[in-house]
Amino acid sequence: MIVQRRAVSAVLAAAALLLTAGCSSDDGQPSGADGGTSPSRTAAESSSPGSATEETPPAKGSVEVVRTVATGLKSPWGLAPLPGGGLLVSSRDEATITRVDEETGEKTELGEVPGVSASGEGGLLGIALSPDYASDRMIYAYFTSASDNRIVRMRYDEKEPPGEQLGEPDTVLRGIPKGEIHNGGRIAFGPDKMLYAGTGESGDTGLSQDRESLGGKILRLTPDGEPAPGNPFPDSVVYSYGHRNVQGLAWDDEQRLFASEFGQQTWDELNAIEPGDNYGWPEAEGKGGGSGFHDPLAQWSTDEASPSGAAFAEGSVWMAGLRGERLWRIPLKGTEAAADPQAFLQGEYGRLRTVVPADGDRLWLVTSNTDGRGDAKEGDDRILELRVS
2 MIVQRRAVSA
12 VLAAAALLLT
22 AGCSSDDGQP
32 SGADGGTSPS
42 RTAAESSSPG
52 SATEETPPAK
62 GSVEVVRTVA
72 TGLKSPWGLA
82 PLPGGGLLVS
92 SRDEATITRV
102 DEETGEKTEL
112 GEVPGVSASG
122 EGGLLGIALS
132 PDYASDRMIY
142 AYFTSASDNR
152 IVRMRYDEKE
162 PPGEQLGEPD
172 TVLRGIPKGE
182 IHNGGRIAFG
192 PDKMLYAGTG
202 ESGDTGLSQD
212 RESLGGKILR
222 LTPDGEPAPG
232 NPFPDSVVYS
242 YGHRNVQGLA
252 WDDEQRLFAS
262 EFGQQTWDEL
272 NAIEPGDNYG
282 WPEAEGKGGG
292 SGFHDPLAQW
302 STDEASPSGA
312 AFAEGSVWMA
322 GLRGERLWRI
332 PLKGTEAAAD
342 PQAFLQGEYG
352 RLRTVVPADG
362 DRLWLVTSNT
372 DGRGDAKEGD
382 DRILELRVS
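If you want my numbering, it's the 1-based position in the sequence shown plus 1.
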């Protein structure tokens, strides 16, 4: 078990914003409504809007629902495609990981992750496969425990009986603040084979500007949980700060990182992430935050988005909306939007939680109607296969 070492840099002296509006939950509603060796891009490199060799996607795209892969999922949250076939899905409230056969839709439960304390927006959240999965068979999971949010890894043994295929969890990182709201939860291995995690400020807005706290951050760590080489702050896993609640991480073809983020009552955001940058929360929400804050490349009202998962395909970031009940396409030119965002599937499948690249122009999309906020009568939660352009 490896504990994250505290940063030696001083706490940023920033005055906390006095909020008069109620804190919003992961769907933009008031909280009472719910129950390698270096960063993938240096700040100078990733700030470039794009090179002449990059092809800009068309302003308008398309989405086709190819098929429904599986139904009957319970509070699905994270999705991890297996090499060679199969999709792993985490259940936030059940604390289980299930394998779905993407051809037949058949579901096999691997097992329950011990130590999960599901309450409010917390529970078993994001999952990711080890960059060395072919040899170590490790699944990483981000979950809420009785005391914190943490990241663990477990060995997956298909030879064991269903329900007993997960090994004992090894804690990679602990001490991420937890709460009934804003637990973050998305994890992904980047092109540099480092582990990235999006966290929330758990309702305590001051944590976002505190670089010694793991709340309201994007973290970058080695697969063993140590601060990744080349991180912007000495001896720290903090990669960027000033976030409210990050639940989407995606890299483009040039290895630039983008993250989706819940706003308070005004603006949800899609951000181009630069190591060490301050994204403004709670002193800024949306564009125009002022000197010292990194503005988002796109923003939405909270009833149009409340974004969770994000993926890159066909020159665009695709962003799943919970309260907005739609899939957003944001065509990119470098780290800027090449055209206005375009919405698809509005209201057709209810709340959309997770979107993950498949092959080429395909995406996997997971709905979220059984999370306590959706209308389960719209149909059991499902995985869809999409073709996009």
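Every residue gets a Cβ at the ideal spot worked out from N, C-alpha and C, and that includes glycine.
If contacts are defined as beta-carbon pairs under 8 Å, then residue i and residue j qualify, I think. What distance do you get, rounded to the angstrom?
i	j	result
G310	R245	Incorrect: roughly 16 Å between the Cβ atoms, too far for contact.
D171	R154	5 Å
R324	F345	Going by Cβ atoms, the distance from R324 to F345 rounds to 16 Å, so no, they are not a contact pair.
G191	D205	Not really, about 28 Å apart at Cβ, beyond 8 Å.
R221	V238	6 Å
S241	I219	5 Å
G186	Y143	5 Å
D253	F313	5 Å
L385	T69	6 Å
V357	L80	5 Å
G243	G264	Contact doesn't hold; Cβ gap of about 13 Å is too wide.
How far does the alpha helix (DSSP H) with residue i in it reach, from first residue to last?
i	result
Y134	134 to 137
What do you get for residue i, buried or exposed, if any count of 16 or more other CB atoms within 10 angstroms of its CB means buried?
i	result
L387	buried
V67	exposed
T54	exposed
A285	buried
E391	Lying outside 2 to 390, the shown extent of the chain, residue 391 is not represented and no answer is given.
P59	exposed
G201	buried
S136	exposed
S92	buried
D341	exposed
S1	Only positions 2 to 390 of the chain appear in the structure, and residue 1 is not among them; the question remains open.
Q347	exposed
S369	buried
P163	exposed
E103	buried
P230	exposed
S131	buried
Looking at the unbroken beta strand (DSSP E) that takes in residue i, where does it start and where does it end?
i	result
K75	Here K75 belongs to no beta strand (DSSP E), and DSSP marks it neither H nor E.
R354	353 to 358
S92	88 to 92
Q343	343 to 345
G310	308 to 314
N150	150 to 156
L399	No information on residue 399 is available, as it lies outside the stretch 2 to 390 that the chain covers here.
K334	328 to 334
T97	97 to 101
K218	218 to 222
Y350	Segment: none, Y350 is in no beta strand (DSSP E) and carries neither H nor E.
A321	317 to 322
D236	Neither: D236 is in no beta strand (DSSP E) and is coded neither H nor E.
L215	L215 -> no beta strand (DSSP E), and no H or E assigned at all.
By Cβ distance below 6 Å, which residues in the same chain neighbour residue i in space, the five residues on each side in sequence not counted?
i	result
A147	S118
T99	V90, K108, E110
D372	S76
N150	I177, K179, N184
T57	K334, A339
D94	S76, A119, G124
Does DSSP classify residue i as helix, strand or coil?
i	result
G207	helix
A377	helix
T43	Unreliable placement is indicated for T43, whose pLDDT of 34 sits below 50; the coordinate value is still reported in the next sentence. T43: coil per DSSP, three-state reduction.
D171	strand
D269	strand
G37	Low local confidence applies: a pLDDT of 38 at G37 is under 50, so the model's placement there is unreliable, with the coordinate-based value given in what follows. DSSP places G37 in coil when its eight states are reduced to three.
S261	strand
E110	strand
L298	coil
T368	strand
I182	coil
V247	strand
Y280	coil
E56	coil
G291	coil
T145	strand
P82	strand
G226	coil
Looking only at its chain, what residues have a beta carbon closer than 7 Å to the beta carbon of residue i, apart from the 5 residues adjacent to it on each side?
i	result
S214	P178, L208
L271	F259, S261, P297, L298, A299, V318, M320, I331
A377	N370, T371
G293	N279
I274	I219, S241, L258, F259, A260
R363	E386, L387, R388
Which same chain residues end up closer than 8 Å to residue i when comparing Cβ atoms and leaving out the 5 residues on each side of it in sequence?
i	result
R65	Note that residue 65 is Glu in the sequence shown here, rather than Arg. L387, R388, V389, listed in sequence order.
G351	E326, T368, S369, N370, G375, D376, E379, G380
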